[in-house]
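Student:
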Amino acid sequence: MASTKSTSSESKSNSTSEYAALELANLLIQCISQDNSRKRNIMASEQILGRATAVYKAIRHLMKLVDDATDLATGWLNFQKYNAAIPPLEALLLNFTFTVTDDKPHLPSALDISGCLLFIAQWSADRRVVDKTLKALGEKHFKDLSTEIKTVLDADTTVHRRQDDFVALGALEGAIKKLNLAPPSASPPRAFTNIFQQTTTVKDNASRVLDTFKKKQDSISDVRFSKNALESAEIAIRTTMLVYAAFALLANDNASIAVRTSLKSLNIWKEAARILQNVASHLTDASPTCNELITGYEAFEKLLAADILLGPYLLRLIKLASTVRRPFYGRLVVLVQMSYDLNAYCNDPKNKSTGDRVLLKQALDEAETAIEEANRKASDTKSFLLDSNGYTEIETSFNTASSKMKECFEAYKMSTEWDKFKVKFDAAVKVDRDHFARAKERLGYTVPK
1 MASTKSTSSE SKSNSTSEYA ALELANLLIQ CISQDNSRKR NIMASEQILG
51 RATAVYKAIR HLMKLVDDAT DLATGWLNFQ KYNAAIPPLE ALLLNFTFTV
101 TDDKPHLPSA LDISGCLLFI AQWSADRRVV DKTLKALGEK HFKDLSTEIK
151 TVLDADTTVH RRQDDFVALG ALEGAIKKLN LAPPSASPPR AFTNIFQQTT
201 TVKDNASRVL DTFKKKQDSI SDVRFSKNAL ESAEIAIRTT MLVYAAFALL
251 ANDNASIAVR TSLKSLNIWK EAARILQNVA SHLTDASPTC NELITGYEAF
301 EKLLAADILL GPYLLRLIKL ASTVRRPFYG RLVVLVQMSY DLNAYCNDPK
351 NKSTGDRVLL KQALDEAETA IEEANRKASD TKSFLLDSNG YTEIETSFNT
401 ASSKMKECFE AYKMSTEWDK FKVKFDAAVK VDRDHFARAK ERLGYTVPK
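Under the UniProt record's numbering, the letters of the sequence shown match residues 1 to 449, in that order.
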């Protein structure tokens, strides 16, 4: 009798609860709905939110049916349905919230080449994740939840992607029209005239791409027209954005002299004009192909990345090494040694690629961040403690820099070299701690137990 009463009570409790098994998915959906700073992929993201919410409600409904079930067969069937949907729903929401960047402007900051390349790479990655998430929400385990949810998930999403593309294009179009290039006094008139003529051609071709894209958007976004519709739209916008970034850098007085000087190359602007012309042609008659456009994009990207000079950044890191005290000096020395070998790899003509240089620039930036944190938080040997929060925070920064170096070694197919450096890095950490603790003990400073 007591057992029957307990079971009845539990059933009533479950039917009125918020269903704890769905709490994680619910929190992630709330996280997406509360993000008001999003400027990119707004319509597609709203589709993700709406469809994920519909799936969530469909799962809750099945849980309610299980609560109300009076026979095992019905309860088991609905349990199987909703249980098959919860893990993939959590997975796609986690991937979306973790992967899509918090950096949400439409255009890259026109200050340095590496920053522009990183921005565009992230823009492209965000777009892929959004489209992948929308596709994942249409998978069978979600559609099988109910007839109603299948109707919701089968609805077309191309119109929303098209609207997001128009917003991105509008931002590009407005920015390109505002770009003005005035001849600097230091430039030889004839050389500048040639460059100016090419950049004018670039602007004309960019306008042609934008106009053609808008006219052809219905066609290239229609999956019946091309199985590569999303790819066509993505490479068209990405190519135009890359050329805009180069143009904006050249026209920006706040960009470094070295960057603007490197962009005063006639070859760069001839290539920019050519790849934009190819994009416009592709949008008109599908020739060149998407793969050919991607090849052209990568070639232009490498042309720009060739001017990312890592030597000055590495030299700065070497100079900063002497400013770092124990217990971090030893591990910094190993990071500098890693950087030197990786830079040598990037300087080898056969290894020069955009990804190599941009990735190493990120690693150098992480190392410099670790140095700044060490100098700020460990400025006094007498009072600094190995068991303090400050030590843990600085150690985390150095480990982050080391992890970024590891990414470089793996990307460059230098895993054996990384293994050797990892041993050196771990040994340096041990020496850092040992020398620091023994010195404090010998000098009579407080040593943590």
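Even for Gly, the Cβ is constructed at its ideal location relative to N, Cα and C.
1) Mapping the DSSP letters down to three states, classify S187 as helix, strand or coil.
2) Helix, strand or coil for H106 per DSSP?
3) For the structure I just gave you, are there three or more beta carbon pairs, one from the stretch 137 to 147 and one from the stretch 110 to 127, closer than 8 Å?
4) For the alpha helix (DSSP H) containing N291, list its first residue and its last residue.
5) Measuring alpha carbon to alpha carbon, tell me which of M63, C116, I237 and A411 ends up nearest A171.
6) For E148, which option in N78, L315, I371 and K57 has the closest C-alpha, if you only look at C-alpha atoms?
7) Would you be able to state if there are at least three C-beta pairs under 8 Å between the stretch 391 to 408 and the stretch 365 to 373?
8) Please report the residue range of the alpha helix (DSSP H) in which E139 lies.
9) Taking only the alpha-carbon atoms, compute the straight-line gap between H141 and L72 and give it to the nearest angstrom.
10) The alpha helix (DSSP H) spanning A69 covers which residue range?
11) How would you write the range of the alpha helix (DSSP H) that K267 sits in, first residue to last?
12) Give the range of the alpha helix (DSSP H) segment to which residue 450 is assigned.
13) I need the DSSP call for T396, collapsed to helix, strand or coil.
14) Taking the alpha helix (DSSP H) that M241 belongs to, which residues open and close that run?
15) Can you round the beta-carbon distance between R179 and A251 to whole angstroms, since I take them to be within the 8 Å contact cut?
16) Measuring CB to CB, does L117 end up less than 8 Å from E292?
17) Would G390 pass as a contact of F398 if the rule is Cβ separation under 8 Å?
18) Relative to the C-alpha of P105, which candidate in N95, D426, I120 and F98 has its C-alpha closest?
19) Here's the rule I'm using: 16 or more other beta-carbon atoms within 10 Å means buried, otherwise exposed. How should L283 be labelled?
20) Measuring alpha carbon to alpha carbon, tell me which residue in N26, A44, N41 and A168 is nearest L94.
21) Near T323, what residues of its chain come up, given a Cβ to Cβ distance below 8 Å and the 5 sequence neighbours on each side ignored?
22) If you follow the alpha helix (DSSP H) that V334 is in, where does it begin and where does it stop?
23) The alpha helix (DSSP H) with Y313 in it runs from where to where?
24) How about L360 and C346: do their beta carbons lie closer than 8 Å?
25) Whether or not the stretch 158 to 178 and the stretch 41 to 49 are in contact is what I'm after, with contact meaning three or more pairs of Cβ atoms, one per stretch, closer than 8 Å; do they touch?
26) In chain order, what residues of the same chain lie with their CB nearer than 6 Å to the CB of V209, ignoring the 5 residues before and after it?
27) Which residues mark the beginning and the end of the alpha helix (DSSP H) in which T175 is found?
Tutor: In short, the structure shows the following:
1) Because S187 carries a pLDDT of 49, less than 50, the predicted location of this residue cannot be relied on, and the following value inherits that uncertainty. Three-state result, S187: coil.
2) coil
3) no
4) C290 to A305
5) I237
6) K57
7) yes
8) No alpha helix (DSSP H) contains E139, which DSSP labels as neither H nor E.
9) 21 Å
10) A69 -> no alpha helix (DSSP H), and no H or E assigned at all.
11) Contrary to the premise, residue 267 reads as Asn rather than Lys in this sequence. First-last of the alpha helix (DSSP H) with N267: L266 to D285.
12) Residue 450 is absent from the model: the chain starts at 1 and stops at 449.
13) helix
14) A229 to A251
15) Reading off the sequence shown, one finds Leu at residue 179, where the question assumed Arg. The pair is a contact, with the Cβ atoms about 5 Å apart (cut-off 8 Å).
16) no
17) no
18) I120
19) buried
20) N26
21) I371 and N375
22) Y329 to N347
23) G311 to A321
24) yes
25) yes
26) T240, L276, V279 and A280
27) The identity of residue 175 in the sequence shown is Ala, whereas the question assumes Thr. Run containing A175: T158 to K178, per the alpha helix (DSSP H) assignment.
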